[in-house]
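Q: Sending over a structure as structure tokens; questions will come in a sec.
Residue numbers (this note's numbering): 5 to 344.
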């Protein structure tokens, strides 16, 4: 029955499994042939092979059956080695047709070899290893705030999204149609920019936001004052930030010194993924900003404020699921793969 539920099982394997199961249920060979759409003599052959070889006869073809391999394993291995360790002239990676031409095989043979070895030369992904000497300590500190927040305190993930552009398309966006995605012109008019400062309350999921013209330390101090006016005065505030110079400006340090209930927590360098507010920035960009049309900065700011209000009305607590130990294990695995 497990084979029948597998969506990736070959059709011939499923047919054989049905024949064996129907035979066990007492159906005759003629009835089974009608049920599975196969000649009676083939049903008899499948049942005989099952009696002789057991389950192996259902999963695997009989010896000598099937189309013989066109190319040897050595040839396939050469294709794989070329994919992994060489590049074509004046190109960064192989295409199936270029590599097929080099090895004098069909491009479908190259594609089969790539699929068999899970190779995708056309794809590339970004990566960044943090070189922060205190990476582990900072990781444990921040993940601890997410997974086991302190009592009588608020945990705020803070950052700014700079240079948010108020773009006005030169023509209205064409709406979604059956079989046709929404479309927008590639050209636009720039109507100014704003900087979105945001603080995500990880316990409630709500966001404090403020749009300001620039993102210097003076604007950051203004945002800190905005936070201070909007959080309960009797609670400690733990603020998670990245290592942007604005966050470590002497005037900012002096502000924190005057407000001892605030506790600073800095993410490791090159580890913005640890800052929970980045998820909010990703969502507002995808859902409201990227495809929006704004004739002025004020229109953009109003749209951001409206989005945040809707978000807060249906906010859910931020849930972090990966422990620091699991994250470190994954990082060590990545280092081992690339021997770095």
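Glycine included, each C-beta is placed from N, C-alpha and C at the ideal position. Small disclaimer: the values here were computed from a predicted structure and weren't measured.
(1) Please confirm whether residue 315 and residue 168 have their CB atoms less than 8 Å apart.
(2) Taking all protein chains shown into account, do 16 or more other C-beta atoms lie within 10 angstroms of the C-beta of residue 216, making it buried, or fewer, making it exposed?
(3) Could you check the C-alpha separation between residue 80 and residue 184 for me, to the nearest Å?
(4) Among the candidates 325, 288, 322 and 24, whose CA atom is the shortest distance from the CA of residue 310?
(5) At the level of alpha carbons, what is the spacing between residue 252 and residue 166?
(6) For residue 252, report the span of its alpha helix (DSSP H) as first-last.
(7) Using the DSSP secondary-structure output, state which residues sit across from residue 165 in a beta bridge.
(8) Would you list the residues sitting across from residue 240 in a DSSP beta bridge?
(9) Can we say the stretch 102-112 touches the stretch 279-299, given the rule of at least three CB pairs closer than 8 Å?
(10) Considering only the beta carbon of each residue, do residue 19 and residue 40 sit closer than 8 Å?
(11) Could you round the C-beta distance between residue 256 and residue 202 to whole angstroms and report it? I think they count as a contact, below 8 Å.
(12) Using CA coordinates, which residue listed in 230, 196, 33 and 102 is at the minimum distance from residue 301?
(13) Got a sec? Which residues, its chain only, sit under 7 Å from residue 305 by beta carbon, not counting five neighbours each side?
(14) If you drop the 5 nearest sequence neighbours on each side, which residues of the same chain put their C-beta closer than 6 Å to that of residue 142?
(15) Can you tell me the Cβ-Cβ gap for residue 269 and residue 146, rounded? I've got them flagged as a contact below 8 Å.
(16) Excluding sequence positions up to five away, which residues of its chain have a Cβ less than 8 Å from the Cβ of residue 320?
(17) Give the straight-line distance between the Cα atoms of residue 47 and residue 27, rounded to the nearest whole angstrom.
(18) Put residue 195 into one of helix, strand or coil per three-state DSSP.
A: Quick answer:
(1) Position 311 of the chain shown holds residue 315. Position 164 of the chain shown holds residue 168. In this structure, residue 168 does not lie closer than 8 Å to residue 315 by Cβ.
(2) Along the chain shown, read from residue 1 onward, the residue named residue 216 stands at position 212. With 16 or more other Cβ atoms within 10 Å, it is buried.
(3) Here residue 80 refers to the residue found at position 76 of the chain shown. Here residue 184 refers to the residue found at position 180 of the chain shown. If I take the Cα positions, the gap works out to 41 Å.
(4) Within the chain shown, the letter at position 306 stands for residue 310. Per the Cα distances, 288.
(5) To locate residue 252, count along the chain shown from 1; it is residue 248. To locate residue 166, count along the chain shown from 1; it is residue 162. Taking the straight line from one Cα to the other gives about 17 Å.
(6) Taking the chain shown and counting its residues from 1, one reaches residue 252 at position 248. That residue, residue 252, is in no alpha helix (DSSP H); it is neither H nor E in DSSP.
(7) As a first step, residue 165 is located in the chain shown; it is residue number 161 there, counting from the start. DSSP lists 200 as partners of residue 165.
(8) The residue labelled residue 240 in the question sits at position 236 within the chain shown. Beta-bridge pairing links residue 240 to 157.
(9) no
(10) Within the chain shown, the letter at position 15 stands for residue 19. Within the chain shown, the letter at position 36 stands for residue 40. Yes, the Cβ-Cβ distance between residue 19 and residue 40 is below 8 Å.
(11) Residue numbering aside, residue 256 sits at position 252 when the chain shown is read from its first letter. Residue numbering aside, residue 202 sits at position 198 when the chain shown is read from its first letter. About 17 Å separates the two Cβ atoms, so there is no contact after all.
(12) Within the chain shown, the letter at position 297 stands for residue 301. Ranking 230, 196, 33 and 102 by Cα distance to residue 301 puts 196 first.
(13) Stepping through the chain shown from its first residue, residue 305 is reached at position 301. Cβ neighbours of residue 305 beyond the five flanking positions: 198 and 215.
(14) Numbered from its first residue, the chain shown carries residue 142 at position 138. Closer than 6 Å at Cβ, skipping near neighbours: 272.
(15) Working through the chain shown from its first residue, we reach residue 269 at position 265. Working through the chain shown from its first residue, we reach residue 146 at position 142. At roughly 6 Å, the Cβ-Cβ gap stays under 8 Å, so residue 269 and residue 146 are in contact.
(16) Numbered from its first residue, the chain shown carries residue 320 at position 316. Annotation for residue 320: 209 place their beta carbon closer than 8 Å to its own, counting only its chain and skipping 5 residues before and after.
(17) Position 43 of the chain shown holds residue 47. Position 23 of the chain shown holds residue 27. Straight-line Cα distance between these residues: approximately 10 Å.
(18) Here residue 195 refers to the residue found at position 191 of the chain shown. Strand at residue 195.
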